[in-house]
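Just so you know, our numbering puts the end of the sequence shown at 293, numbered straight through with nothing missing.
Glycine is no exception: its CB is placed at the ideal position from the N, C-alpha and C atoms.
Heads up, the thing below is written out as structure tokens.
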Amino acid sequence: HDAQARHLPFVIYNAHLSKKARERLLLETELHQIPLHPEQLTVYFQPQVDARTHRLIGLEALVRWRHPRLGLILPGRFVPIAESAGLMPDLGREIIRITCRQIQDWQEAGLTVPPVAVNISADEFASPGLVERVEHALLEFDIAPQTLELELTESASMQNPEATIAIMNRLCDLGVRLSIDDFGTGYSNLSYLKRFPVSRLKLDQAFVRDILTDNHDLAISQAIIAMAHQLRLEVVAEGVENVAQLKLLSQARCDFIQGYLFSTPQPGEVCRRWLREGMVSPTTPVLPD
Ligand code: C2E
Ligand code: MG
Ligand code: MG
Ligand code: MG
């Protein structure tokens, strides 16, 4: 009986692992097939607004997988699998094309489109031909390079900073914009930051989440914003969910805001309204203090 009890947790853990492992294997197998079914990939967009005027200053493109049986799958569940299977360069190529096609649709409908940011995985960034894939998509869909922005996480950018600088410079020469995502949690070597030809830092959601209650998170956010401005970089705060966070970030001179307070990521059709109006209203009214 004793021996059985000792083994029980092991058995449960093992069964759990194998269920996760099975899902992972299944998704990985299906991810390999996506280039044959590119229509299963779709991109949602989340607005980025000026912290004070709520003017629309950008959109972030966020991939979703329309799975035939499992429905809409969020990137947290499949991007890491695709990354470790080495599939992100191929999937990323599709994501860039889908995004550029959407920009072209909006522009053909007479809408003014602010920069649209696409996330690039570390492997994808380092893969041969990224610059050519980007250039090709811009030509194919007749997009001005300034309308496309690429986001690289701070930790990805620091894996091989000299190589990052070289690729960033080539992308910058094309005319696309660059930003550093999830900034503040990736162990930056700050001496490289000033050498990256980027225009924006995205303050990691982890700081924004507790900014009202954790003085350290507030202090770090304020310091990152001040440093970014000294380096002539703009700051986008991510994960802003309420008016109090917005006000605190605005007081800290954060330039731009992205988060559920303004909108969750939405399909392209829904964005037309923001593009037409050139601004986004917060879901909760911002009252004067
Ligand atoms: P990220 O690039 O940092 O994107 C921000 C994530 O935070 C998005 O999740 C967004 O929906 C979510 N978010 C935005 N505002 C709020 C908020 O106010 N509160 C909370 N709790 N969350 C908020 P999503 O779309 O699930 O994407 C997760 C991550 O997956 C992204 O983080 C990015 O690292 C990766 N990802 C998404 N799309 C792509 C892609 O096309 N390519 C690559 N390589 N990675 C992608
Ligand atoms: Mg991002
Ligand atoms: Mg982020
Ligand atoms: Mg993230």
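Spatial neighbours of residue i within its chain, please: C-beta separation below 8 Å, excluding the five flanking residues on both sides.
| i | result |
| --- | --- |
| P179 | Before going further, note that residue 179 is Gly rather than Pro in the sequence given. The answer, listed in chain order, is A148, P149 and Q150. |
| P72 | Q44 |
| R174 | V135 |
| D109 | G272 |
| E144 | R101 and C104 |
In whole angstroms, what separates the C-alpha of residue i from that of residue j?
| i | j | result |
| --- | --- | --- |
| R328 | F260 | In the structure as shown, the chain begins at 5 and stops at 293. Residue 328 is therefore absent and cannot be evaluated. |
| A86 | N123 | 14 Å |
| K23 | R70 | 22 Å |
| K198 | T287 | 36 Å |
| L115 | V239 | 25 Å |
| E64 | D293 | 30 Å |
| E281 | T33 | 43 Å |
| I61 | V284 | 10 Å |
| S88 | E128 | 11 Å |
| D185 | S225 | 14 Å |
| T189 | T168 | 18 Å |
| Q234 | D218 | 25 Å |
| H220 | E139 | 42 Å |
Which one of the options has the shortest CA to CA distance from residue i?
| i | options | result |
| --- | --- | --- |
| Y264 | V290, V244, T46 and Q255 | V244 |
| L40 | V67, L95 and L76 | L95 |
| A232 | C275, V212 and F187 | F187 |
| E158 | V120, R204, L291 and L115 | R204 |
| R257 | A55, Q108 and S195 | A55 |
| L252 | P201, L222, V240 and F200 | L222 |
| Q270 | M162, H36, R28 and V47 | V47 |
| E27 | V67, Q52, R277 and F82 | F82 |
| F200 | Q226, A160, I215 and A227 | A160 |
| L74 | I102, L66, F49 and L30 | L30 |
| A210 | A170, A241 and N193 | A241 |
| L207 | D218, A227, T217 and R277 | A227 |
| S131 | G80, M172 and Q111 | M172 |
| S183 | C275, A121 and E112 | A121 |
| L291 | G80, A248, F266 and H220 | A248 |
| R68 | P51, I99 and P93 | I99 |
| L78 | T268, P51, V117 and G133 | T268 |
Are there any heavy atoms of ligand 2 lying less than 7 Å away from the beta-carbon of residue i, as far as the coordinates show?
| i | result |
| --- | --- |
| D94 | no |
| N4 | The first residue shown for the chain is 5 and the last is 293, placing residue 4 beyond what the model contains. |
| E64 | yes |
| E155 | yes |
| D127 | no |
| D185 | yes |
Could you check if residue i belongs to the surroundings of ligand 1, using beta carbon to heavy atom distance under 7 Å?
| i | result |
| --- | --- |
| L182 | no |
| L78 | yes |
| I215 | no |
| E273 | no |
| I99 | yes |
| G188 | no |
For a test of your reading of the model: does the CB of residue i fall under 7 Å from any non-hydrogen atom of ligand 3? Yes or no.
| i | result |
| --- | --- |
| Q209 | yes |
| K251 | no |
| K198 | no |
| E242 | yes |
Starting from residue i, follow its DSSP beta bridges and name the residues at the other end.
| i | result |
| --- | --- |
| D221 | Paired residue(s): none; D221 is not in a bridge. |
| G62 | Q52 |
| H41 | In DSSP, H41 forms no bridge with anything. |
| E155 | N123 and S183 |
Using C-beta distances below 6 Å, list every residue in its chain close to residue i, excluding the 5 sequence neighbours before and after it, in chain order.
| i | result |
| --- | --- |
| R137 | R97 |
| R181 | P119, E153 and S203 |
| Q8 | Low per-residue confidence applies at Q8: pLDDT is 48, beneath 50, and the placement is therefore not dependable enough to give any value. |
Residues in the same chain with beta-carbon distance under 7 Å from residue i, minus the five sequence neighbours each way, listed in chain order, please.
| i | result |
| --- | --- |
| D146 | Q108 |
| P165 | N193 and Y196 |
| S254 | A55 and R56 |
| Q163 | A126 |
| L35 | F82, I85, A86, A89 and L91 |
| R59 | V53, G282 and M283 |
| I229 | V239, A256, R257 and C258 |
| R277 | none |
| V117 | I107, W110, Q111, T151 and L279 |
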